[in-house]
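Everything on this sheet refers to the single structure shown next.
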Amino acid sequence: MKKIDPGRITPEHIYLNRRQLITGMGALAAASLLGACASPRGPEATPSAGATSTSPGTPIPTGESERLGGRLTPLEDVAGYNNFYEFTLSKTKVAELAEDFETSPWQVEVGGMVRNPTVFGLQDIGAFEQEERIYRMRCVEAWSMVIPWRGFPLSALLETVEPTAEAKFVRFETLADPTQMPGLKSNVLDWPYVEGLRVDEAMHDLTLLATGLYGKDLPPQNGAPVRLVVPWKYGFKSIKSIVKIELMAEMPVSSWMEAGPNEYGFYANVNPDVPHPRWSQATERVIGTGERRKTELFNGYQEEVAHLYEGMDLEENF
Amino acid sequence: MDRKTARPIALVIHVGAWIPLATLAWMAWQGHLGPVPVAVATRLLGRYALTLLLLSLVPTAVRIIFGLHAAVRFRRPLGLYAFFYAMLHVLAFVGLDYRLALDLIIVAVLQSRRELVGLAAFAILMVLALTSIPGLVKRLGKTWKRIHLSVYLAASLVVLHAIWNYKELRAWPLFAGAALILLLIVRLPPVSSQLRRWRRSEAKRPS
Numbered sequence: 001m002k003k004i005d006p007g008r009i010t011p012e013h014i015y016l017n018r019r020q021l022i023t024g025m026g027a028l029a030a031a032s033l034l035g036a037c038a039s040p041r042g043p044e045a046t047p048s049a050g051a052t053s054t055s056p057g058t059p060i061p062t063g064e065s066e067r068l069g070g071r072l073t074p075l076e077d078v079a080g081y082n083n084f085y086e087f088t089l090s091k092t093k094v095a096e097l098a099e100d101f102e103t104s105p106w107q108v109e110v111g112g113m114v115r116n117p118t119v120f121g122l123q124d125i126g127a128f129e130q131e132e133r134i135y136r137m138r139c140v141e142a143w144s145m146v147i148p149w150r151g152f153p154l155s156a157l158l159e160t161v162e163p164t165a166e167a168k169f170v171r172f173e174t175l176a177d178p179t180q181m182p183g184l185k186s187n188v189l190d191w192p193y194v195e196g197l198r199v200d201e202a203m204h205d206l207t208l209l210a211t212g213l214y215g216k217d218l219p220p221q222n223g224a225p226v227r228l229v230v231p232w233k234y235g236f237k238s239i240k241s242i243v244k245i246e247l248m249a250e251m252p253v254s255s256w257m258e259a260g261p262n263e264y265g266f267y268a269n270v271n272p273d274v275p276h277p278r279w280s281q282a283t284e285r286v287i288g289t290g291e292r293r294k295t296e297l298f299n300g301y302q303e304e305v306a307h308l309y310e311g312m313d314l315e316e317n318f
Numbered sequence: 319m320d321r322k323t324a325r326p327i328a329l330v331i332h333v334g335a336w337i338p339l340a341t342l343a344w345m346a347w348q349g350h351l352g353p354v355p356v357a358v359a360t361r362l363l364g365r366y367a368l369t370l371l372l373l374s375l376v377p378t379a380v381r382i383i384f385g386l387h388a389a390v391r392f393r394r395p396l397g398l399y400a401f402f403y404a405m406l407h408v409l410a411f412v413g414l415d416y417r418l419a420l421d422l423i424i425v426a427v428l429q430s431r432r433e434l435v436g437l438a439a440f441a442i443l444m445v446l447a448l449t450s451i452p453g454l455v456k457r458l459g460k461t462w463k464r465i466h467l468s469v470y471l472a473a474s475l476v477v478l479h480a481i482w483n484y485k486e487l488r489a490w491p492l493f494a495g496a497a498l499i500l501l502l503i504v505r506l507p508p509v510s511s512q513l514r515r516w517r518r519s520e521a522k523r524p525s
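Line by line, the protein sequences give chains S and P.
Take the first sequence: its position 224, counting from 1, is numbered 224 in my numbering, and each next residue is one higher.
Count along the second sequence from 1, add 318, and you get the number used in my numbering.
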């Protein structure tokens with residue numbers, strides 16, 4: 001675990017009032033999880049979900065500042081700049097169109113190659129121990145945000161359904177309800193939206209099922225009521241508003257793989273050295289700051305995830 | 319076309335060409351450009367450039383279809399305004415988006431088909447703008463005409479640049495592409511001579 005050195009708090013944080021400092025400390029406790037992936041879910045490291053009240057503009061906890069840099073992306077940007085094609089292709093119009101999105105009741109059907117196929121209701125999902133995690137989200141469109149999520153590791157859910165030994169992949173599906181989602185009329189993608197992970201990726205502790213952000217339930221435009229967050233992969237892998245999770249032996253074909261097999265691969269790991277066929281991935285626009293930063297391999301989570309891809313050609317397996 | 323008709327059209331062009339920039343500046347000033355103001359401003363400047371570039375091809379089409387030779391005088395201001403917006407678009411990309419970080423810009427351009435075609439189009443437009451100086455037009459004669467035919471190449475590259483800007487196919491760049499194809503078809507020698515022949519026989523027909 002990284003040691004916290006108060007001397008590293010940058011001068012621009014000095015203006016913070018006491019309350020912000022305190023909430024910053026709360027977030028720090030949450031973020032210390034990240035540095036401690038070897039023993040990630042020890043009871044001492046888990047902050048109570050109710051105690052997290054990270055507010056926009058909070059400085060990134062020092063333990064994570066090296067990785068995440070700067071500040072959390074303001075809530076208005078996190079909730080106002082979204083890719084959610086089921087509603088619209090316009091990133092700034094999703095919030096309005098998704099305003100009345102019905103997320104209760106909600107069911108997530110988990111099945112396929114598992115011993116205990118289960119249908120999880122909202123309460124069942126809320127019953128998993130929730131924690132706060134601050135991740136950078138890097139979109140394939142070359143922008144990024146730093147978001148304080150609330151959620152629980154996907155592995156916790158998968159463990160309860162007990163995948164069989166033959167299960168090698170996980171397939172996820174987003175709700176496709178034409179009465180609520182006007183974007184489904186467009187045929188840019190084949191609905192429902194599908195994503196997938198290898199089982200070892202799905203079981204990785206960084207892989208989160210998020211139910212909230214900034215200490216509150218997920219806004220609809222961010223994938224309410226439950227979404228995936230895979231911080232070392234491009235944002236489109238972090239599928240929203242999940243209704244179905246299926247364990248399978250074969251690699252599932254994701255919606256983007258189907259739409260552009262030469263441009264979007266199954267892995268979609270963030271990699272500055274493997275450009276999108278039409279644009280560079282070397283840098284990214286940091287939303288809310290007007291600045292650009294250099295993109296990092298695996299979005300900065302190399303230490304935690306590089307071993308998953310040992311011996312693999314990352315250019316071929318894009 | 320006499321001077322009386324030409325003047326209001328020229329006025330519309332000169333006033334109209336500044337309206338998008340004024341609106342954009344106002345929106346930026348008011349903070350109405352959304353969560354990614356630099357990206358939005360850059361994209362809008364590019365969109366205005368392509369729109370004006372397509373409009374600059376309209377006078378030639380009007381001349382061919384309607385025999386209105388005077389329409390050609392509007393090509394130059396429209397083309398120069400298109401270049402003006404293209405320049406602002408490039409300046410926004412280099413100065414506001416990349417903040418003059420040359421190393422990053424070079425990587426971005428070399429790794430990106432989208433930026434490469436955009437850069438090529440801008441280079442062509444720059445040559446066209448520089449050779450639009452009135453004295454040069456006469457001095458270059460036929461060479462000028464040949465050089466300026468490359469505006470169709472530049473416009474095609476810009477349309478590609480716009481199409482490649484999105485993960486999926488979007489309506490606006492495809493619409494611009496369709497408009498360009500129509501304007502280009504009118505220019506093709508077999509089509510334009512056929513159009514001229516029709517116009518002449520139409521004029522000769524007793525009424």
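Ideal Cβ positions, reconstructed from N, Cα and C, are used throughout, including at glycine.
(message) Taking CB distances under 7 angstroms as the criterion, tell me whether Trp191 (chain S) reaches chain P.
(response) Against the first sequence, residue 191 (chain S) aligns to sequence position 191. Closer than 7 angstroms: no.
(message) Mapping the DSSP letters down to three states, classify Ala276 (chain P) as helix, strand or coil.
(response) Residue 276 (chain P) lies beyond the range of chain P shown here (319 to 525); nothing can be said about it.
(request) Return yes when the Cβ of Ala410 (chain P) is within less than 7 angstroms of the Cβ of Phe440 (chain P), no when it is not. (result) The count along the second sequence starts at 1 and reaches residue 440 (chain P) at position 122. The count along the second sequence starts at 1 and reaches residue 410 (chain P) at position 92. Not closer than 7 angstroms, so no.
(message) Just to make sure I have the definition right: I need the residues of chain P whose C-beta is within less than 9 angstroms of the C-beta of Gly300 (chain S). Which are they?
(response) Working through the first sequence from its first residue, we reach residue 300 (chain S) at position 300. Neighbours of Gly300 (chain S) on chain P: none; closest Cβ ~18 angstroms, over 9 angstroms.
(request) Determine the direct distance from the alpha carbon of Glu316 (chain S) to that of Val199 (chain S), and round the result to whole angstroms. (result) Your numbering for residue 199 (chain S) matches position 199 in the first sequence. Your numbering for residue 316 (chain S) matches position 316 in the first sequence. Cα-Cα distance, rounded: 20 angstroms.
(message) Against chain S, which members of the region 410-439 of chain P pass a CB distance test of less than 9 angstroms?
(response) Within the region 410-439 of chain P, the residues whose Cβ lies closer than 9 angstroms to some Cβ of chain S are Leu414, Asp415, Tyr416, Arg417, Ala419, Leu422, Val425, Ala426, Val427, Leu428, Gln429, Ser430, Arg431, Arg432 and Glu433, listed in chain order.
(message) I need the DSSP call for Ala142 (chain S), collapsed to helix, strand or coil.
(response) Against the first sequence, residue 142 (chain S) aligns to sequence position 142. Coil, per DSSP.
(message) What would DSSP say about Gln429 (chain P), mapped onto helix, strand or coil?
(response) One-based indexing of the second sequence puts residue 429 (chain P) at position 111. Residue state, collapsed to three classes: coil.
(message) Is it buried or exposed, Trp336 (chain P), if we count other Cβ atoms within 10 angstroms and call 16 or more buried?
(response) Walking along the second sequence from the start, residue 336 (chain P) turns up at place 18. Counting every other CB atom within 10 Å of its CB across the protein chains shown gives Trp336 (chain P) a total below 16, marking it as exposed.
(message) Please tell me whether Ala426 (chain P) and Ser186 (chain S) are closer than 7 angstroms, where the distance is taken between their beta carbons.
(response) The residue given as residue 426 (chain P) occupies position 108 in the second sequence. The residue given as residue 186 (chain S) occupies position 186 in the first sequence. No. Outside cutoff.
(message) Assuming the contact rule is C-beta atoms closer than 8 angstroms, Glu129 (chain S) and Phe152 (chain S) should be a hit. Round their C-beta distance to whole Å, please.
(response) Residue numbering aside, residue 129 (chain S) sits at position 129 when the first sequence is read from its first letter. Residue numbering aside, residue 152 (chain S) sits at position 152 when the first sequence is read from its first letter. Their Cβ separation, rounded to whole angstroms, is 6 angstroms, which keeps Glu129 (chain S) and Phe152 (chain S) in contact under 8 angstroms.
(request) Take Gly196 (chain S) as the anchor and find which of S:Val170, S:Gly183, S:Thr211 and S:Asp205 has the nearest alpha-carbon. (result) The count along the first sequence starts at 1 and reaches residue 196 (chain S) at position 196. Nearest to Gly196 (chain S) by C-alpha distance, out of S:Val170, S:Gly183, S:Thr211 and S:Asp205, is S:Val170.
(request) Report the three-state DSSP secondary structure of Gln130 (chain S) (helix, strand or coil). (result) Stepping through the first sequence from its first residue, residue 130 (chain S) is reached at position 130. In the structure shown, Gln130 (chain S) sits in coil (DSSP, three-state: anything other than H, G, I, E or B).
(request) Give the secondary structure of Asn317 (chain S) by DSSP, where H, G and I count as helix, E and B as strand, and everything else as coil. (result) In the first sequence, the residue the question calls residue 317 (chain S) occupies position 317. In this structure, Asn317 (chain S) counts as coil in the three-state DSSP scheme.
(message) Under DSSP, the alpha helix (DSSP H) around Glu201 (chain S) begins and ends at which residues?
(response) Within the first sequence, the letter at position 201 stands for residue 201 (chain S). Here the alpha helix (DSSP H) through Glu201 (chain S) covers Val199 to Met203.
(message) Can you tell me whether Lys460 (chain P) is helix, strand or coil according to DSSP?
(response) Taking the second sequence and counting its residues from 1, one reaches residue 460 (chain P) at position 142. Helix.
(message) Quick check: the Cα distance between Leu315 (chain P) and Ser474 (chain P), rounded to an integer number of angstroms?
(response) Because chain P in this structure spans residues 319 to 525, residue 315 (chain P) falls outside the shown range and cannot be described.
(request) Could you tell me the boundaries of the alpha helix (DSSP H) in which Gly212 (chain S) lies? (result) Counting from one through the first sequence, the residue named residue 212 (chain S) turns up at place 212. It is not in any alpha helix (DSSP H) - Gly212 (chain S) instead sits in the beta strand (DSSP E) that spans Leu208 to Leu213.
(message) Give me, in chain order, the residues of the same chain whose beta-carbon lies closer than 6 angstroms to that of Phe318 (chain S); leave out the 5 immediate sequence neighbours on both sides.
(response) Mapped onto the first sequence, residue 318 (chain S) falls at position 318. So the qualifying residues of the chain are Gly265 and Val274.
(message) According to DSSP, Arg248 (chain S) sits in a beta bridge with which residue or residues?
(response) As a position in the first sequence, residue 248 (chain S) is number 248, starting the count at 1. The amino acid at residue 248 (chain S) is misidentified as Arg; the sequence shows Met. S:Phe169, per the DSSP bridge assignment.
(request) Determine the DSSP secondary structure at Arg71 (chain S), reduced to helix, strand or coil. (result) As a position in the first sequence, residue 71 (chain S) is number 71, starting the count at 1. Shown here, Arg71 (chain S) sits in a strand according to DSSP, grouped into three states.
(request) Please check if any C-beta of chain P sits within less than 7 angstroms of the C-beta of Ser280 (chain S). (result) The residue given as residue 280 (chain S) occupies position 280 in the first sequence. True, the Cβ-Cβ gap to chain P drops below 7 angstroms.
(message) Would Val330 (chain P) pass as an interface residue toward chain S - the criterion being a Cβ-Cβ separation below 7 angstroms?
(response) Within the second sequence, numbered from 1, the residue matching residue 330 (chain P) stands at position 12. Nearest CB-CB separation between Val330 (chain P) and chain S: not below the 7 angstroms threshold.
(request) Return the residue from the list S:Leu154, S:Pro117, S:Gln221 and S:Tyr193 that minimises the CA-CA distance to Tyr81 (chain S). (result) Start at 1 with the first residue of the first sequence, and residue 81 (chain S) comes out as number 81. When each option's Cα is compared against that of Tyr81 (chain S), the closest is S:Gln221.
(request) Give a yes or no on whether the minimum CB-CB distance between Ala79 (chain S) and chain P is below 7 angstroms. (result) Start at 1 with the first residue of the first sequence, and residue 79 (chain S) comes out as number 79. Chain P contact via Cβ: absent.
(request) Work out the CA separation of Thr207 (chain S) and Ser155 (chain S) for me, nearest whole Å. (result) Walking along the first sequence from the start, residue 155 (chain S) turns up at place 155. Walking along the first sequence from the start, residue 207 (chain S) turns up at place 207. One C-alpha to the other measures close to 8 angstroms.
(message) Using CA atoms only, rank isn't needed, just tell me which of P:Met444, P:Pro355, P:Glu433 and P:Leu414 is closest to Leu371 (chain P).
(response) Locating residue 371 (chain P) in the second sequence gives position 53, counting from the first residue. The shortest Cα separation from Leu371 (chain P) among P:Met444, P:Pro355, P:Glu433 and P:Leu414 belongs to P:Met444.
(message) Quick check: is the beta carbon of Trp347 (chain P) nearer than 7 angstroms to any beta carbon in chain S?
(response) On the second sequence, residue 347 (chain P) is found 29 positions in, with the first residue counted as 1. Residue contact with chain S for Trp347 (chain P): absent (no Cβ-Cβ distance below 7 angstroms to any residue of chain S).
(message) Let me make sure I understand the geometry here. Which of S:Pro148, S:Ala259 and S:Asp100 has the alpha-carbon closest to that of Val188 (chain S)?
(response) The residue given as residue 188 (chain S) occupies position 188 in the first sequence. The shortest C-alpha separation from Val188 (chain S) is found at S:Ala259.
(message) Cutting at 6 angstroms between CB atoms, please list the residues of its own chain near Gly364 (chain P), excluding the five before and the five after it.
(response) Counting from one through the second sequence, the residue named residue 364 (chain P) turns up at place 46. The residues are His407.
(message) I want to see whether chain P comes within less than 7 angstroms of Val146 (chain S), judged by CB atoms only; does it?
(response) Within the first sequence, the letter at position 146 stands for residue 146 (chain S). False, the Cβ-Cβ gap to chain P never drops below 7 angstroms.
(request) Check the Cβ of Val354 (chain P) against every Cβ in chain S and list those closer than 8 angstroms, keeping chain order. (result) Your numbering for residue 354 (chain P) matches position 36 in the second sequence. Residues of chain S passing the Cβ test: Tyr81, Trp143, Arg285 and Ile287.
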